[in-house]
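Just so you know, we're using the UniProt record's numbering here: the sequence shown kicks off at 1 and counts up by one.
Cβ atoms here follow ideal geometry from the backbone N, Cα and C, with glycine treated the same way.
Remember, predicted model here, so these are calculated numbers, not experimental data.
Below: one structure, written as structure tokens.
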Amino acid sequence: MTTLFGTADVAIGMGGGLSRVRLFDGPLELSWHHCATTSDFIADLFAVRFQASRNDYKEVRHSIGYLVNELIENAVKFRAPGEIMVEASMDAETFKVKVSNVVEGDVASGFQGLLSEITVGDPGDLLIQRIEANAADPEMTGSGLGLLTLMSDYGARLAWIFSPTDENDRICLETYASIPISQTHN
Numbered sequence: 001m002t003t004l005f006g007t008a009d010v011a012i013g014m015g016g017g018l019s020r021v022r023l024f025d026g027p028l029e030l031s032w033h034h035c036a037t038t039s040d041f042i043a044d045l046f047a048v049r050f051q052a053s054r055n056d057y058k059e060v061r062h063s064i065g066y067l068v069n070e071l072i073e074n075a076v077k078f079r080a081p082g083e084i085m086v087e088a089s090m091d092a093e094t095f096k097v098k099v100s101n102v103v104e105g106d107v108a109s110g111f112q113g114l115l116s117e118i119t120v121g122d123p124g125d126l127l128i129q130r131i132e133a134n135a136a137d138p139e140m141t142g143s144g145l146g147l148l149t150l151m152s153d154y155g156a157r158l159a160w161i162f163s164p165t166d167e168n169d170r171i172c173l174e175t176y177a178s179i180p181i182s183q184t185h186n
């Protein structure tokens, strides 16, 4: 059974001008440095049209880089062995990204539990609550702080689609995100 969390319209279509990056699992093992390198590349690729204004370029590059890095880090951290596909596009007002990977069934269940908590209510209020909970329990992991920061501070709209795979107890996870991009200075 396919399950959706988040904003349904974010998961509909990536738009034109789609760029794809595939991270293969192999002898070097996917790790944290792949997240930063890949997100920097994607941020540079999409922010280049803002080079006329140094401030716009830096802001757009930072926002895209932060968003993509957070999503790729989550995919690397929680994935079952296999590749990660990153697809991105941008129109005049919005940057969109989709990160696809496979997770084990128990990981999917735990993540769905977290999503059912962080996708209801005001992201800013939830962020403060999670920060306080993390301060009280430094051993806490998987709190959703990164996702809440994206929603609260970057205006990100997020959606997740969980679909069964042909493999036993493996779930295909597609994470969709969009953030507003202003091209008024372009």
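Beta-carbon spacing of residue i, residue j below 8 Å
i, j, result
"Leu148", "Thr7", "no"
"Val99", "Ser31", "no"
"Phe78", "Phe111", "yes"
"Gly82", "Asp25", "yes"
"His34", "Leu23", "yes"
Same chain only: Cβ atoms within 7 Å of residue i, ignoring 5 sequence neighbours per side
i, result
"Leu67", "Val97, Leu150, Tyr154, Ala156, Ala177 and Ile179"
"Met14", "Glu87, Ser89, Lys96 and Lys98"
Same chain only: Cβ atoms within 8 Å of residue i, ignoring 5 sequence neighbours per side
i, result
"Thr165", "Val102, Ile171 and Cys172"
"Gly16", "Ser89 and Asp91"
"Pro123", "Leu148, Met151 and Ser152"
Presumed contact (8 Å Cβ cut-off) between residue i and residue j, rounded CB distance
i, j, result
"Glu70", "Ile181", "Wrong, their Cβ atoms sit about 17 Å apart, outside the cutoff."
"Ala43", "Tyr57", "Not confirmed; about 10 Å, so no contact."
"Ser39", "Ile72", "6 Å"
Contacts around residue i, its chain only, beta-carbon distance under 6 Å, and the 5 residues preceding and following it disregarded
i, result
"Leu145", "Arg130"
"Leu45", "none"
"Thr3", "Phe162"
"Val10", "Arg157, Ala159, Tyr176 and Ser178"
Minimum C-alpha distance to residue i - residue among the options
i, options, result
"Leu127", "Ser143, Asp137, Glu139 and Pro138", "Ser143"
"Phe95", "Ser19, Asp137 and Pro138", "Ser19"
"Asp125", "Ser152, His33 and Asp137", "Ser152"
"Ala36", "Asn74, Gln51 and Pro123", "Asn74"
"Glu167", "Glu59, Phe5, Glu174 and Ala80", "Ala80"
"Phe5", "Val120, Val21 and Pro138", "Val120"
Inset, instruction - Could you tell me whether the stretch 103-117 touches the stretch 55-71, where touching means 3 or more Cβ pairs closer than 8 Å? - result: no
Legend entry - Three or more C-beta pairs below 8 Å linking the stretch 128-138 and the stretch 155-170: no
Legend entry - the stretch 114-123 contacting the stretch 85-97, beta-carbon criterion three pairs below 8 Å: no
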